[in-house]
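>
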Amino acid sequence: MDKMSKTAKALDRVLAVIFWTALAVTAICLIGVVVLVLLQGRFPHRSEWPVTALELGNWKLTLHPDAVPQHFGAYLLTAGLVLLVHVPLYCIILRTVRDTLKPFIRRQPFHDTVAANLRRLAMEVVVLMIVSTIGEAVLTWMTVSLFDPATLLRSNKVLDVSVGFTADLTPLLFAGALYLLSKIFQYGQELQTLSDETL
61 MDKMSKTAKA LDRVLAVIFW TALAVTAICL IGVVVLVLLQ GRFPHRSEWP VTALELGNWK
121 LTLHPDAVPQ HFGAYLLTAG LVLLVHVPLY CIILRTVRDT LKPFIRRQPF HDTVAANLRR
181 LAMEVVVLMI VSTIGEAVLT WMTVSLFDPA TLLRSNKVLD VSVGFTADLT PLLFAGALYL
241 LSKIFQYGQE LQTLSDETL
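Residue numbering for the sequence shown is 61 to 259, as defined by my numbering.
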């Protein structure tokens with residue numbers, strides 16, 4: 061039991077650092093989005109942008125200033141908004157994990173909050189997956205419509221360029237496992253209650 065408590069305490073400290081770092085990133089994203097909104101309509105011409113890179117999966121293309129689209133500022137603003145939605149969701153998930161660890165730190169693994177927090181964590185993982193999928197789809201669509209990768213990559217040796225989109229459903233398995241785990245802890249909590257009533 062002592063080992064479990066020490067491990068939970070160490071994990072909570074690591075998560076606390078990540079949590080506060082994520083909050084700082086949220087603040088930076090918010091400032092960036094506000095600056096982009098204020099500059100909307102006053103973005104510099106394409107030739108005045110610094111070196112711009114376009115990432116396609118693991119590939120990174122450094123673009124000539126003439127290849128930077130007219131509405132690149134709108135693309136940056138959308139990317140900032142997507143990040144601004146994602147990072148607070150990560151903070152909420154980290155907060156829930158830390159709340160789940162508190163009973164373990166106090167050597168009460170079958171406390172009545174553990175099962176509820178695990179169920180809440182499962183739902184938060186599903187919400188994050190949905191938001192991530194929508195954000196990726198929007199950014200992929202904007203990348204294709206603004207940058208026109210087919211034109212950028214077409215040459216004598218490349219006959220055609222197509223862009224696909226896939227969604228990772230692995231978080232759903234993780235959420236399902238968390239939900240089942242919550243049921244196990246709920247059962248353990250009921251057994252603990254019956255044991256306490258017997259004593």
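Beta carbons are placed, not taken as given, at the ideal position from N, Cα and C, and that holds for glycine.
Quick caveat, the model's predicted, so the values are computed rather than measured.
Between which two residues does the alpha helix (DSSP H) harbouring THR173 extend?
As a position in the sequence shown, residue 173 is number 113, starting the count at 1. Residues 172 to 207.
> Can you check DSSP and say which residues form a bridge with GLU115?
Here residue 115 refers to the residue found at position 55 when the sequence shown is read from its first residue. Beta-bridge pairing links GLU115 to LYS120.
> How would you label GLU250, buried or exposed, when you count the other beta carbons within 10 angstroms and need 16 or more for buried?
Here residue 250 is taken as the residue at index 190 of the sequence shown, counted from 1. Exposed.
> From the DSSP output, in three-state form, read off ALA227 for me.
What you label residue 227 is simply residue 167 of the sequence shown in a count that begins at 1. DSSP places ALA227 in coil when its eight states are reduced to three.
> Which term fits THR138, buried or exposed, when burial requires 16 or more other beta carbons within 10 angstroms of its beta carbon?
The residue you call residue 138 lines up with position 78 of the sequence shown. So THR138 counts as buried.
> Nearest by alpha-carbon distance to PRO163: which of VAL174, ARG155, LEU154 and PRO148 is it?
Your numbering for residue 163 matches position 103 in the sequence shown. Here the closest residue by C-alpha is VAL174.
> Is it right to say SER222 is buried, meaning 16 or more other beta carbons lie within 10 angstroms of its own, or is it exposed?
Mapped onto the sequence shown, residue 222 falls at position 162. By the neighbour-count rule (16 or more Cβ atoms within 10 Å), SER222 is not buried but exposed.
> Taking the CB atoms as reference points, tell me whether LEU212 and ALA127 lie closer together than 8 Å.
As a working note, residue 212 is residue 152 in the sequence shown. As a working note, residue 127 is residue 67 in the sequence shown. In contact: LEU212 and ALA127 (Cβ atoms closer than 8 Å).
> Taking just the CA atoms, how far does ARG158 sit from GLU115?
The residue labelled residue 115 in the question sits at position 55 within the sequence shown. The residue labelled residue 158 in the question sits at position 98 within the sequence shown. If I take the Cα positions, the gap works out to 34 Å.
> Is it right to say ASN288 is buried, meaning 16 or more other beta carbons lie within 10 angstroms of its own, or is it exposed?
This structure cannot speak to residue 288, because the chain is shown only from 61 to 259.
> By the DSSP assignment, the alpha helix (DSSP H) with HIS146 in it spans what residues?
Position 86 of the sequence shown holds residue 146. Start and end: 132 to 165.
> Count the other C-beta atoms from every protein chain shown that fall within 10 angstroms of the C-beta of PHE225, then say buried if there are 16 or more, exposed otherwise.
Residue numbering aside, residue 225 sits at position 165 when the sequence shown is read from its first letter. Answer is exposed; the Cβ neighbour count stays below 16.
> In this structure, how does DSSP classify ARG214 when only helix, strand and coil are distinguished?
Position 154 of the sequence shown, counting from 1, holds the residue named residue 214. Coil at ARG214, not helix or strand.
> For the alpha helix (DSSP H) that ASP72 lies in, which residues bound it at each end?
Here residue 72 corresponds to residue number 12 of the sequence shown, with the count starting at 1. ASP72 -> alpha helix (DSSP H) spans 62 to 99.
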